[in-house]
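Structure first, commentary second.
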Amino acid sequence: MTSSAAVEVTGLRVSRGKRLVLRDVSCTIPRGSVTGLLGPSGCGKTTLMRSVVGVQIVESGEVTVLGVPAGSPGLRNRIGYATQNPAVYADLSVAENLRYFCAVLRAPRSDVRRVIDEVGLGGHESQLVSSLSGGELSRTSLAVALLGKPELLVLDEPTVGLDPLLRDELWTLFRELADRGVTLLISSHVMDEAARCERLLLMRDGVLLADDTPAALLSETGTSDLEQAFLSLVRAKEAA
Amino acid sequence: MNTSILLATTARILTQFRHDRRTVALMVLMPSLLLILLRFVFNSDQAFSRAAPALLAVFPFAIMFIVTSITTLRERTTATLERLMTMPMGKLDLLFGYALAFGIVALVQVLVAVGISLTWLGLEIGGSVWLLVVIAGLDALLGTALGLFASAFARTEFQAVQFMPLFVMPQVLLCGLFAPREAMTPVLEWLSNVMPLSYAVDALTAVTKSSDITGELVRNLAIVAACGLLALVLGAVTLRRRTP
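Protein chains in written order, with this note's numbering: chain A, 9 to 248; chain B, 320 to 563.
Rendered as structure tokens:
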């Protein structure tokens with residue numbers, strides 16, 4: 009366990025139902041970095057994220073987060089987590105949702121204003137969540153994860169369904185957060201977002217294909233874009 | 320337990336209600352409407368006065384059970400529960416927060432039902448009105464606690480609705496409303512003895528008959544309260560931070 013790693017996963021095996029979703033996954037996520045978790049839908053991205061956050065029952069293996077085992081009570085206000093399905097109350101307004109989660113986290117009330125601005129939801133504060141568009145809804149859920157002072161942000165597909173401009177703004181925000189020392193683990197199934205990450209975890213069928221920087225992946229596979237790099241890794245794996 | 324998180328949860332649930340006026344109207348008025356209907360079905364003050372105390376226990380109990388089980392199930396099946404479980408939220412903070420919010424609604428519901436029964440419907444009671452309200456309120460809380468507990472065993476709202484006949488109807492049938500509990504066959508009497516609603520109905524009947532606060536009355540109330548508390552604690556056990 010090194011203090012420079014925000015997350016350290018060793019030999020993680022997880023079954024959900026009868027299916028083995030993660031088979032022996034090991035990886036390290038350095039502090040203050042933006043790490044992209046990429047792979048096709050159903051490859052185990054969400055399960056890996058749930059394990060890091062500490063809500064997943066794991067079969068074997070170790071997950072250490074910020075120096076302590078995942079799921080430790082002390083981590084509960086140090087991690088921000090946004091699930092793929094927006095985890096907010098549809099029958100409350102944007103501000104009411106944020107005020108509630110703010111109280112649960114015992115974060116200052118001024119955080120509500122800050123996160124609304126950070127995700128660009130100004131003007132929607134008093135709108136009921138059920139009347140928001142899909143993109144606004146997922147940004148509300150993202151805003152909850154930004155409340156308080158999380159040292160680690162685990163974001164499951166935070167940019168799905170957003171227009172390119174908003175997506176760009178969010179990635180700029182993620183970058184700023186990382187520069188302030190926050191560690192971000194962000195899943196996506198679109199490869200063009202991978203280039204924005206410092207490190208990439210490529211997954212397929214519950215197996216980690218790569219844990220490296222985008223540049224290293226390209227040179228290692230001798231390809232010019234990450235989509236091709238991913239394909240070449242999959243083929244190399246199948247040939248082996 | 321953390322009181323500020325608990326109260327924030329209560330406030331959040333009451334705010335959710337505020338945005339859903341139709342549900343609030345249904346919850347507050349439903350027992351009263353059923354009692355009014357019953358009064359005209361009986362068409363006599365005496366017959367109504369005999370059945371009403373038991374029904375003041377049954378209606379709020381059943382309605383709070385169903386409302387609570389659906390609402391908590393919704394929390395469990397949407398991702399919000401998972402999110403709360405990653406936060407510094409105690410399981411008991413969440414459940415007591417729910418119980419307090421629904422308890423407040425239940426109290427309003429019972430006040431309206433008792434008020435209408437005593438003024439318009441001609442219910443005559445020998446004991447204290449306030450004790451009647453307290454017992455009926457406690458009973459609605461029992462429904463809330465059982466609803467919280469039952470929601471753990473439902474995967475869908477469709478299943479949750481069907482828990483109402485399972486959890487509530489046997490208690491209603493065996494609580495002494497339809498036949499005196501002493502006159503039941505031993506098996507049924509034993510069953511009625513282990514069902515908390517029976518004690519709530521006994522307590523309410525005692526209050527309508529006389530103003531004495533007997534040891535039996537206190538014991539019955541203690542049983543109802545203890546069952547409610549037990550259901551809440553069992554509900555907390557069914558909440559899991561880690562799920563498969």
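Cβ coordinates follow ideal geometry from the N, Cα and C atoms, glycine included.
Return the chain-ordered list of same chain residues with a C-beta closer than 7 Å to the C-beta of residue i, the five sequence neighbours on each side being excluded.
i: A/Asp-119; result: Cys-110, Leu-155 and Gly-156
i: B/Ser-368; result: Leu-442 and Glu-443
i: A/Thr-10; result: Annotation note: pLDDT 46 at A/Thr-10 (below 50); position unreliable, coordinate value reported separately. Once the five neighbours on either side are set aside, A/Thr-10 has no close Cβ partner at all.
Would you please verify whether the beta carbon of residue i is less than 8 Å from any beta carbon of chain B?
i: A/Glu-104; result: yes
i: A/Pro-77; result: no
i: A/Ile-37; result: no
i: A/Ile-65; result: yes
i: A/Leu-185; result: no
i: A/Thr-10; result: Summary for A/Thr-10: the model assigns pLDDT 46, below 50, so the residue's position carries little reliability; its value from the coordinates is reported in the next sentence. Cβ-Cβ to chain B under 8 Å: no for A/Thr-10.
i: A/Ile-8; result: Look at the range of chain A in this structure, 9 to 248, and you will see that residue 8 of chain A is not part of it.
i: A/Arg-24; result: yes
i: A/Arg-84; result: yes
i: A/Leu-113; result: yes
i: A/Thr-55; result: no
i: A/Thr-91; result: yes
i: A/Val-127; result: no
i: A/Leu-3; result: Given that chain A is displayed from residue 9 to residue 248, the structure contains no residue 3 of chain A and the question cannot be resolved.
i: A/Ala-151; result: no
i: A/Ala-95; result: yes
Near residue i, what residues of its chain come up, given a Cβ to Cβ distance below 6 Å and the 5 sequence neighbours on each side ignored?
i: B/Leu-553; result: Phe-468
i: A/Phe-182; result: Val-42 and Leu-192
i: B/Gly-466; result: Phe-384, Thr-387 and Ser-388
i: B/Val-520; result: Ala-373, Ala-376, Cys-494 and Gly-495
i: A/Asn-85; result: Leu-113 and Gly-156
Compare the C-beta of residue i with all C-beta atoms of chain A and state if any pair is closer than 8 Å.
i: B/Ile-324; result: yes
i: B/Arg-395; result: no
i: B/Ala-555; result: no
i: B/Asp-341; result: For clarity, residue 341 of chain B is Arg in the given sequence; the question names Asp instead. Judged by the 8 Å Cβ criterion, B/Arg-341 is not in contact with chain A.
i: B/Thr-387; result: no
i: B/Ala-344; result: no
i: B/Thr-391; result: no
i: B/Thr-399; result: yes
Give every residue of the same chain whose Cβ lies closer than 8 Å to the Cβ of residue i, excluding the five residues on either side of it in the sequence, and list them in chain order.
i: A/Leu-193; result: Val-15, Ile-37, Thr-43, Leu-45, Met-57, Val-60, Leu-160, Leu-161, Val-162 and Leu-163
i: B/Ser-447; result: Val-526 and Ser-530
So which residues on chain E does residue i lean against when the C-beta distance must stay under 8 Å?
i: B/Met-404; result: Among the protein chains in the structure shown, which are A and B, there is no chain E.
Which residue's Cα is closest to the Cα of residue i: the options?
i: A/Leu-150; options: A/Thr-221, A/Tyr-89 and A/Ala-237; result: A/Tyr-89
i: B/Leu-516; options: B/Val-526, B/Glu-535, B/Leu-493 and B/Leu-356; result: B/Leu-493
i: A/Val-242; options: A/Thr-221, A/Leu-216 and A/Asp-220; result: A/Leu-216
i: A/Gly-130; options: A/Gly-142, A/Arg-86, A/Asn-85 and A/Arg-147; result: A/Arg-147
i: A/Arg-175; options: A/Glu-126, A/Pro-158 and A/Val-152; result: A/Glu-126
i: B/Leu-536; options: B/Leu-551, B/Leu-549 and B/Tyr-518; result: B/Tyr-518
i: B/Pro-379; options: B/Arg-402, B/Gly-456 and B/Ser-323; result: B/Gly-456
i: B/Thr-342; options: A/Asp-99, A/Arg-31 and A/Val-33; result: A/Asp-99
i: B/Thr-390; options: B/Asp-339, B/Leu-352 and B/Val-431; result: B/Asp-339
i: A/Ser-52; options: A/Leu-210, A/Leu-234, A/Ala-78 and A/Asp-187; result: Strictly speaking, residue 52 of chain A in this sequence is Gly, with Ser absent from that position. Nearest option by C-alpha distance: A/Leu-210.
i: B/Gly-445; options: B/Val-487, B/Ala-464 and B/Leu-523; result: B/Leu-523
i: A/Ala-13; options: A/Ser-34, A/Gly-25, A/Pro-172 and A/Glu-67; result: A/Ser-34
i: B/Gly-557; options: B/Gln-365, B/Leu-413, B/Leu-348 and B/Asp-364; result: Reading the sequence as shown, one finds Thr at residue 557 of chain B and not Gly. The shortest Cα separation from B/Thr-557 among B/Gln-365, B/Leu-413, B/Leu-348 and B/Asp-364 belongs to B/Leu-413.
Checklist entry - Do the stretch 536–547 of chain B and the stretch 460–475 of chain B make contact, defined as three or more Cβ pairs closer than 8 Å? => result Judged by Cβ distances under 8 Å, the stretch 536–547 of chain B makes contact with the stretch 460–475 of chain B, as three or more pairs qualify.
Next on the checklist: Using 8 Å as the cut-off, can you tell me whether the stretch 468–487 of chain B makes contact with the stretch 503–512 of chain B, which would need three or more C-beta pairs spanning the two stretches below that distance?
Outcome noted: Contact between the stretch 468–487 of chain B and the stretch 503–512 of chain B is absent, because fewer than three Cβ pairs lie under 8 Å.
Next on the checklist: Closer than 9 Å between beta carbons: that is the criterion. Which residues of the stretch 404–434 of chain B meet it against chain A?
Outcome noted: If the cut-off is 9 Å between Cβ atoms, the stretch 404–434 of chain B has Met-404, Thr-405, Met-406, Pro-407, Met-408 and Asp-412 near chain A.
Item to check | Sufficient close CB pairs (3 or more, under 8 Å) joining the stretch 95–112 of chain A to the stretch 130–147 of chain A | outcome: In this structure the stretch 95–112 of chain A lies against the stretch 130–147 of chain A, because at least three pairs of beta carbons, one per stretch, are closer than 8 Å.
Item to check | Validate contact between the stretch 232–242 of chain A and the stretch 201–219 of chain A using beta carbons, cut 8 Å, 3 pairs | outcome: With a cut-off of 8 Å, the stretch 201–219 of chain A and the stretch 232–242 of chain A count as touching, because enough Cβ pairs lie within range.
Next on the checklist: Beta carbons nearer than 9 Å to chain A: which residues of the stretch 490–502 of chain B have them?
Outcome noted: Cβ contacts with chain A come from no residue of the stretch 490–502 of chain B.
Next on the checklist: Give me the subset of the stretch 346–369 of chain B whose CB atoms are less than 9 Å from a CB atom of chain A, sorted by chain position.
Outcome noted: Answer set for the stretch 346–369 of chain B: empty.
Next on the checklist: Counting beta carbon pairs with one atom in the stretch 63–79 of chain A and one in the stretch 224–232 of chain A, are three or more of them shorter than 8 Å?
Outcome noted: As far as the Cβ criterion goes, the stretch 224–232 of chain A does not touch the stretch 63–79 of chain A, which means the pair count is below three.
Next on the checklist: Along the stretch 470–491 of chain B, where does the CB come closer than 7 Å to a CB of chain A? Name the residues.
Outcome noted: For chain A, none of the residues of the stretch 470–491 of chain B brings a beta carbon within less than 7 Å of one of its beta carbons.
Checklist entry - For the stretch 162–176 of chain A, which residues have a beta carbon sitting closer than 7 Å to at least one beta carbon of chain B? => result If you check each beta-carbon in the stretch 162–176 of chain A against every beta-carbon of chain B, none falls closer than 7 Å.
Item to check | chain A contacts made by the stretch 510–538 of chain B, where a contact means CB separation under 9 Å | outcome: Going along the stretch 510–538 of chain B in chain order, one finds no residue with a Cβ nearer than 9 Å to chain A.
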